[in-house]
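Enquirer: Numbering-wise (the working numbering), the sequence shown opens with residue 13 and increments by one. Beta carbons are placed, not taken as given, at the ideal position from N, Cα and C, and that holds for glycine.
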Amino acid sequence: MTPDELLQFVAAQPTVSVEREISIPGPQLKALLAEGKPVLLATRIAHPDQHRERRMFRYAHMLDSGLTLDAIESWQSNHPQHLLPPDLVAFLARVNGVHMWADLASSHAYFGILPLNNWQDAKDTAWAMMFDTPPTGQLVMSYHDNGDNYLLLDTHGPEYLWYDLEDFNRPKRVGSTVAELVEFWLQETAWLDPRRSGGVIQPQAD
Numbered sequence: 013m014t015p016d017e018l019l020q021f022v023a024a025q026p027t028v029s030v031e032r033e034i035s036i037p038g039p040q041l042k043a044l045l046a047e048g049k050p051v052l053l054a055t056r057i058a059h060p061d062q063h064r065e066r067r068m069f070r071y072a073h074m075l076d077s078g079l080t081l082d083a084i085e086s087w088q089s090n091h092p093q094h095l096l097p098p099d100l101v102a103f104l105a106r107v108n109g110v111h112m113w114a115d116l117a118s119s120h121a122y123f124g125i126l127p128l129n130n131w132q133d134a135k136d137t138a139w140a141m142m143f144d145t146p147p148t149g150q151l152v153m154s155y156h157d158n159g160d161n162y163l164l165l166d167t168h169g170p171e172y173l174w175y176d177l178e179d180f181n182r183p184k185r186v187g188s189t190v191a192e193l194v195e196f197w198l199q200e201t202a203w204l205d206p207r208r209s210g211g212v213i214q215p216q217a218d
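Pasting the structure below:
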């Protein structure tokens, strides 16, 4: 899928609204989550410091605006060990962050692709010790609220990999091009569609 096709796909998706019962964390759970360490969903659900509320949420696909080539070149000059492939540079000039089925109140999805300036060297993550040898040339490109999965770019390839921290030694090979990455991402995020849990489509404003 090309950047133009992705933009068209996102523009064609109307907003979806859904009412959900959610857990509101108390101070102890907030402090745990603020540590920035991966917290398993089962651990978060079972934590006693939270209460339940019903709220209305609105969801849609969101793409962050692209970067200037000067901004990309500046990032590259500061990270010479992570050479970005040309098609990724072209993509970042159009789209700098992908949030499929984002909560419109926060512009944040359950998991998504981060803006370039938030990409992290894999060796600096809290889970870097899970690699057999210290990773080199690998960038973590995504966020995940549950801390379960992460998208990595191996700049030596280039190659995109989808890591499940609970099955770390068998990452999914996404592909070597942005087109393959986008196709994979649309498939991987399809289950986030709130209509699967009874969401109501809201008409777009003219």
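Are the CB atoms of A134 and L164 nearer to each other than 8 Å?
Expert: Contact flag set, yes.
Enquirer: Using the Cβ count rule (16 or more neighbours within 10 Å means buried), how would you classify F103?
Expert: So F103 counts as buried.
Enquirer: Quick one: what does DSSP say S86 is sitting in, helix, strand or coil?
Expert: Helix at S86.
Enquirer: Using the rule of at least 16 other Cβ atoms within 10 Å of the residue's Cβ for burial, across every protein chain shown, is T145 buried or exposed?
Expert: It counts as exposed.
Enquirer: With three or more beta-carbon pairs closer than 8 Å as the criterion, would you say the stretch 88-101 touches the stretch 44-51?
Expert: Contact fails: fewer than three Cβ-Cβ distances are below 8 Å.
Enquirer: Which same chain residues, not among the five before or five after D218, have their C-beta less than 7 Å away from its C-beta?
Expert: The predicted model places D218 with a pLDDT of 39, which falls under 50 and marks its position as unreliable, so this point remains unresolved.
Enquirer: Between A72 and Q20, which are expected to be in contact by the criterion C-beta below 8 Å, what is the C-beta distance as a whole number of angstroms?
Expert: Contact doesn't hold; Cβ gap of about 15 Å is too wide.
Enquirer: Can you tell me where the alpha helix (DSSP H) holding L104 begins and where it ends?
Expert: Here the alpha helix (DSSP H) through L104 covers P98 to L104.
Enquirer: Can you tell me whether A217 is helix, strand or coil according to DSSP?
Expert: With a pLDDT of 47 at A217, under the threshold of 50, the predicted position of this residue should be treated as unreliable, though the coordinate-derived value follows. Note: A217 maps to coil in three-state DSSP.
Enquirer: Among the candidates A114, V152, I84 and P37, whose CA atom is the shortest distance from the CA of W203?
Expert: The candidate whose alpha carbon is nearest that of W203 is A114.
Enquirer: How many whole angstroms separate the CB atoms of L177 and V186, which I take to be in contact at a CB cut-off of 8 Å?
Expert: Actually they do not touch by this definition, with Cβ atoms about 16 Å apart.
Enquirer: Where does F143 sit, in a helix, a strand or coil, going by DSSP?
Expert: Coil, per DSSP.
Enquirer: Considering only the alpha carbon of each residue, which of Y155, Q62, N129 and L151 lies closest to A83?
Expert: For the residues Y155, Q62, N129 and L151, the minimum Cα distance to A83 belongs to N129.
Enquirer: Restricting to Cα atoms, I'd like to know which of I36, D76, E195 and T148 is closest to A58.
Expert: Ranking the options by Cα distance to A58, first place goes to I36.
Enquirer: How about P127 and G109: do their beta carbons lie closer than 8 Å?
Expert: Closer than 8 Å, so yes.
Enquirer: By the DSSP assignment, the alpha helix (DSSP H) with V194 in it spans what residues?
Expert: First-last of the alpha helix (DSSP H) with V194: V190 to T201.
Enquirer: Compute the distance between the beta-carbons of R67 and R32, then report whether it is under 8 Å.
Expert: Yes, the Cβ-Cβ distance between R67 and R32 is below 8 Å.
Enquirer: What three-state label does DSSP hand D160 in the structure shown?
Expert: The answer is coil: DSSP assigns D160 none of H, G, I, E or B.
Enquirer: In the DSSP assignment, find the beta strand (DSSP E) that holds P37 and state where it starts and stops.
Expert: Here the beta strand (DSSP E) through P37 covers V28 to P37.
Enquirer: Going by CA-CA distance only, name the one from Q40, A105, H91 and R70 that's closest to T80.
Expert: Among Q40, A105, H91 and R70, the Cα nearest to that of T80 belongs to A105.
Enquirer: Note down the Cα distance separating V190 from W197, rounded to an integer number of angstroms.
Expert: Going from the Cα of V190 to the Cα of W197 covers about 10 Å.
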